[in-house]
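Each protein sequence line maps, in turn, to chains A and B. First residue of the first sequence? That's 34 in the working numbering, and the numbers climb one at a time after it. First residue of the second sequence? That's 399 in the working numbering, and the numbers climb one at a time after it.
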Amino acid sequence: MKRIEVKLALPVVAPLLDVVRELADGLAHNLAAPLGLSDLEPEDRGAWADELLVAQREEVRVLLGLFDDEFFSEGVVAFDEDNAEIIVRACAAIRLRLREQFLKDLGDEVLESSEVALSVLPEPTRRAFMCYLFLATIQELIIEHLDSSILDA
Amino acid sequence: MPNTQTDTKTATLSELKLEGRWRVVVLNDPVNLMSYVVLVFKKVFAFDEKTARKKMLEVHEQGRSVVWSGLREKAEAYVFTLQQWHLTATLEPDETH
């Protein structure tokens, strides 16, 4: 089984995990991306949203589960074909939520380019933006090294 | 007592909705990575790398891309799957058919 291990700097990552935990509650009850079909019957719409929320909650649970006691002693997280897809999706959901909750004022161009002077941002925005970049890095690592695992699954 | 006229109208609308072809349209968002969108297109639609990149760039540069067209039921299933990947997608009637 293909597996990648990533050593992370605990003092940098720990505060970012607090941001993810803060957002987890919101993601338990609200979809990260807006529900696309406006003409669905209300009953179907509710069923869709419920099913999507169950999946979204599970994604966030699995992501946070990576950062367990072992992580806090070793500083290492591992990605493999069993968790690659769910983690990459969790990162997408949380990044969308970060935008909604903390980063809208930065503007879409900044979010797309990820180019911003961190030192000028207020602390909550700076921490959220760091978290946004951290999750993108995880996604890039997984897509670079484990995309075939996801595509073949 | 049921309102026959309304019931008939509703039935007709539902039938119309199910008839014909529908397009699955993916809309741009400033958050999801280009590489992620390419991965999703390859996974969901079995696009090759070149097609997936072309569709992703349409989304990025034009704000939207039609990624599939066909019967309503299957189109809805694709929108649901894209939503599971946290992409914003919608349906529109395919009037070219």
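Glycine residues also receive a C-beta, built at the ideal position from the N, C-alpha and C atoms.
With distance defined between alpha-carbon atoms, name the residue in the options nearest to residue i.
| i | options | result |
| --- | --- | --- |
| A:A161 | A:I119, A:A47 and A:M34 | A:A47 |
| B:L455 | B:V436, B:K441 and B:F445 | B:V436 |
| B:K440 | B:E417, B:L480 and B:L489 | B:L480 |
| B:E490 | A:D101, A:D141, A:L73 and A:I175 | A:L73 |
| A:F104 | A:L166, A:L50 and A:I176 | A:L50 |
| A:V93 | A:D138, A:L56, A:S106 and A:L174 | A:L56 |
| A:D185 | A:S106, A:D115 and A:G140 | A:D115 |
| A:F167 | A:L41, A:A66, A:I183 and A:R78 | A:L41 |
| A:D141 | B:V429, B:V477 and B:V424 | B:V429 |
| A:G59 | A:S181, A:K137, A:S146 and A:I127 | A:I127 |
| A:E118 | A:S106, A:P75 and A:A88 | A:A88 |
Is it the case that the Cβ atoms of residue i and residue j are separated by a distance below 8 Å?
| i | j | result |
| --- | --- | --- |
| A:L86 | A:L70 | no |
| B:V438 | B:A473 | no |
| B:S463 | B:D492 | no |
| B:R451 | B:W420 | no |
| B:W483 | A:A82 | no |
| A:G108 | A:L174 | no |
| A:I176 | B:Y434 | yes |
| A:A169 | A:L129 | no |
Would you call residue i buried or exposed, if buried means 16 or more other Cβ atoms sit within 10 Å of its Cβ?
| i | result |
| --- | --- |
| A:E84 | exposed |
| A:F135 | buried |
| A:Q172 | buried |
| A:L144 | buried |
| B:L485 | buried |
| A:L179 | buried |
| A:V153 | exposed |
| A:V45 | exposed |
| A:E133 | exposed |
| B:A487 | buried |
Identify whether residue i lies in helix, strand or coil by the three-state DSSP scheme.
| i | result |
| --- | --- |
| B:K441 | helix |
| B:E456 | helix |
| A:P67 | coil |
| B:T494 | coil |
| B:G418 | coil |
| A:K187 | Residue 187 of chain A cannot be examined here, being either before or after the span of chain A that is shown, 34 to 186. |
| A:L73 | coil |
| B:L485 | coil |
| B:L425 | strand |
| A:G98 | helix |
| A:V110 | strand |
| A:S147 | coil |
| A:G140 | coil |
| B:G468 | strand |
Which residues in the same chain have their Cβ closer than 6 Å to the Cβ of residue i, if we skip the five residues on either side of it in sequence?
| i | result |
| --- | --- |
| A:L96 | I120 and A123 |
| B:G461 | N426 |
| A:L99 | V110 |
| A:A61 | R90 |
| A:D113 | M34 and R36 |
| B:V442 | T479 |
| B:Y476 | V422 and W466 |
| A:E38 | V109 and A111 |
| B:M399 | Any reading at B:M399 is ruled out, since the residue's pLDDT is 46, under 50, leaving its predicted position unreliable. |
| B:F445 | F439 |
Suppose the cutoff is 8 Å on Cβ atoms and the five residues either side in sequence are ignored; what does the same chain contact list for residue i look like?
| i | result |
| --- | --- |
| A:P157 | F135 |
| A:L151 | R159, F162 and M163 |
| B:L411 | Reliability of the predicted coordinates at B:L411 is poor, the pLDDT of 49 falling under 50, and no value is obtained from them. |
Looking only at its own chain, which residues have a Cβ that is under 7 Å from the Cβ of residue i, when we skip the five neighbours before and after it?
| i | result |
| --- | --- |
| B:M432 | M454 and H458 |
| A:C164 | L49, V52, V53 and L131 |
| A:V149 | L139, V143 and F162 |
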